[in-house]
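What follows is a single structure, written as C-alpha cells, with notes after it.
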Ligand SMILES: [Zn+2]
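In my numbering, the protein residues as written are 5 to 395.
Shown next as C-alpha cells:
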C-alpha cells in the first residue's frame, strides 16, 4: 500500500451545527442587549451537565436594563423558581426569537400583564404566550432587567432561536464579543475503537500531555486496529478571566487530510441533551477533566440522525502503511478565530503475536490460551450443566 492509496473516511461532521452565518449578512442592524461594555462568562454550546449550553452568559449585575435587539414583540414570558427563572422571549425578523433568562423583573407593561395572570391563577409559576400586537417594542427599548432568578448569581442568559426548533449562537447577529486569547489544549487521548485494537501494546486508552515524550516524532505512538482521538481544552476571553469558555471549531487532520470537523454555530433543540455523544463522560470522570471526541462511530447515533457518516475521524491502521509515521493534528479555535493545535505522531505497527487457543481438559472444561506477546494470558473456562458455556 502506498501513501497515496491511504483512504481515511473524510466525512466532515457539521453537527450540532448548521452554518448559517450567511443568513445574517447585515451585521450592523442589531442592538446589543445591555448598555455599555460587556464580557461573557459562558459561550455557546458549552458542556453542561446532561446538555449543551444553548446561549451565551453575559456578565451583569442585578437590575441592568435589557434592550430589544430589533423591532419586535414579546411572544412569551415564563416565571419559575428554577431553570431560566423569569424568562422573556422576544421575537423579531420573522423567524428569530431571543430568549433572555434569569431576569430580576420585566419592564412595563409586561410585568403588569404577568402580575394580573399570577393573581388570576393564584400561582407564581406561569407560562404566557402573546400575539405580535400585544407587547410590541422598538429596537433599543428596555424590555426587562438582569437578575439571578433560577440561577443564583446574577447574569444574563442570552439565547437565540430560529423557527422555534434550532438554537443559534447570538454572535451570528454580528456582535463583537471580546476574546483575545487562543484556546488551551490540555491533553490528547487515543481511544481504542475496535476489538483488535492495540495502543502501545495495551487495550486501553492513553492520555498524552504536552510534556510527554510519547507521541513525538522520535517516539510515535504504536497502534493497531481502529483508534479515535479525544482532547481536553478550554478558552479564556482575557488573561485575567476565571471563566473557562468552550470552543467554536474543532478539527482533526491526519497528515494533510481533514478527517473530522465540528463547528458550534447552532444545534437542534431536540439534540440539546445529546452532550454525551460528543463528550466522553467516562473518560472525563477518570481523568477529572472533560474530553471532547474528535470522531464518530456507528454506536453514536446522534450523527446518523443528521445523515452524517457513521465513521468520521476514525483512524484505521488497515487503511494506512504499516511502519510509516503519521501526524495527527488536533486544532481548536474560539469564536473569534484564534486557534491552537497539538500534534501527536503515530505509527501503525501490527502486534507481534496475538492468538487464542482452546485446549480441552476434560468433557466439562477447557483452557483458553490467549497468547499476547509480550504478555501471556491464560483463561480457564468450564462448561456448566445449566448453560451452554461459562467462562
Ligand atoms: Zn446560560
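Idealized CB from N, CA, C, for every residue including glycine.
Computed from a predicted structure; not experimentally measured.
Given residue i as reference, the closest of the options once Cα atoms are compared
i           : options               : result
residue 41  : 182, 112 and 130      : 182
residue 258 : 159, 333, 179 and 300 : 333
residue 54  : 326, 275, 292 and 320 : 275
residue 155 : 229, 104 and 119      : 104
residue 341 : 267, 226, 76 and 279  : 267
residue 293 : 219, 192, 216 and 322 : 192
residue 233 : 269, 246, 300 and 344 : 300
residue 143 : 289, 76, 215 and 137  : 76
residue 210 : 288, 343 and 127      : 288
residue 260 : 215, 321, 196 and 347 : 347
residue 229 : 58, 199, 206 and 244  : 199
residue 165 : 35, 273 and 319       : 273
residue 184 : 344, 355 and 354      : 344
Residue i - DSSP class collapsed to helix/strand/coil
i           : result
residue 238 : strand
residue 208 : coil
residue 35  : coil
residue 329 : coil
residue 117 : helix
residue 66  : coil
residue 352 : strand
residue 177 : helix
residue 222 : coil
residue 126 : coil
residue 217 : coil
residue 392 : Any reading at residue 392 must be qualified, since the residue scores a pLDDT of 46, below 50, and its modelled position is unreliable; no value is offered.
residue 342 : coil
residue 54  : coil
residue 133 : strand
residue 112 : coil
residue 72  : coil
residue 16  : With a pLDDT of only 39 at residue 16, under the threshold of 50, the placement of this residue in the model should not be trusted, and no figure is reported.
residue 347 : strand
residue 360 : Residue placement at residue 360 cannot be trusted, given a pLDDT of 49 that sits under 50; the coordinates are not used to answer.
Beta-carbon gap between residue i and residue j smaller than 8 Å
i           : j           : result
residue 78  : residue 162 : no
residue 99  : residue 173 : no
residue 251 : residue 187 : yes
residue 231 : residue 208 : no
residue 239 : residue 249 : yes
residue 84  : residue 149 : no
residue 329 : residue 349 : yes
residue 146 : residue 91  : no
residue 102 : residue 73  : yes
residue 212 : residue 218 : yes
residue 89  : residue 45  : no
residue 235 : residue 281 : no
residue 269 : residue 336 : no
residue 49  : residue 264 : no
residue 71  : residue 37  : yes
residue 159 : residue 63  : yes
residue 106 : residue 59  : no
Segment limits, beta strand (DSSP E) that includes residue i
i           : result
residue 76  : 76–83
residue 275 : Neither: residue 275 is in no beta strand (DSSP E) and is coded neither H nor E.
residue 267 : 261–267
residue 105 : 100–107
residue 90  : 90–96
residue 149 : 146–149
residue 165 : 159–166
residue 44  : 44–46
Beta bridge counterpart(s) of residue i as assigned by DSSP
i           : result
residue 246 : DSSP lists no partner for residue 246.
residue 196 : 231
residue 396 : Coverage of the chain is limited to positions 5 through 395, which leaves residue 396 absent and any answer about it impossible.
residue 255 : 265 and 335
residue 171 : 165 and 271
residue 59  : 163
residue 321 : Paired residue(s): none; residue 321 is not in a bridge.
residue 283 : 296
residue 155 : Note: residue 155 sits in no beta bridge, so no partner.
residue 87  : Answer is none; residue 87 lacks a bridge partner.
residue 203 : 206 and 227
Span of the alpha helix (DSSP H) around residue i
i           : result
residue 295 : Unbroken run through residue 295: none, as it is neither H nor E.
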